[in-house]
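Each remark here refers to the structure printed beneath this line.
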């Protein structure tokens, strides 16, 4: 009588194991992705979708502005960001803010150094990679050749960006982004 050779087959167990690993990794991916909220960027003081659609117009308007005008911040204390645990190839100048209310003074000048009147100025204090703490001030009036943004509350320590948009007319718009830092 012939004996039947009994061999155990492992491939059904391997298929079930791969399916279990796939479902587990899928669950982990969805859980990780939903635990970190998506934050939109606000370059050019608009949503990134609008900036992407109109980037050529934005850059043309900025080029026209930069050809004839400049944006200068006055009275800001500048220094080098020096942290022991942060190593940067290029040290950038930052504006050191004080905790509480801050005042920022800007001037929009033509190439000869005279203040420009009739400019629609918008200011935004924002943090990199988030728009939760944005402070936006629109239609800043011109006083003695300066645009003064007063009573901007800065309470959390960390990095900030001072953004200014200056629209001379509908075809000439300039932007100023200045990194800022509030020490803890």
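Residue numbers (this note's numbering): 712 to 895.
Here a beta-carbon is modelled for each residue, glycine too, at the ideal position from N, C-alpha and C.
Since we're looking at a predicted model, the values are computed, not measured.
For residue 757, no alpha helix (DSSP H) encloses it, and the DSSP letter there is neither H nor E. Rounded to the nearest angstrom, the Cβ distance from residue 754 to residue 744 is 24 Å, too far for a contact under 8 Å. In the three-state DSSP reduction, residue 775 falls in the helix class (H, G or I). Shown here for residue 830: same chain residues with a beta carbon closer than 6 Å to its own, the five before and five after excluded, namely 819, 877 and 879 in chain order. The beta carbon of residue 857 is closer than 6 Å to those of 816 and 818 in its chain, skipping five residues each way along the sequence.
Residue pairing by DSSP places residue 835 opposite 847 and 874 in a beta bridge.
Taking the Cα of residue 814 as reference, the smallest distance to any Cα among 782, 836 and 722 is reached at 836.
Fewer than three pairs of CB atoms, one per stretch, sit closer than 8 Å, so the stretch 843-854 makes no contact with the stretch 776-786.
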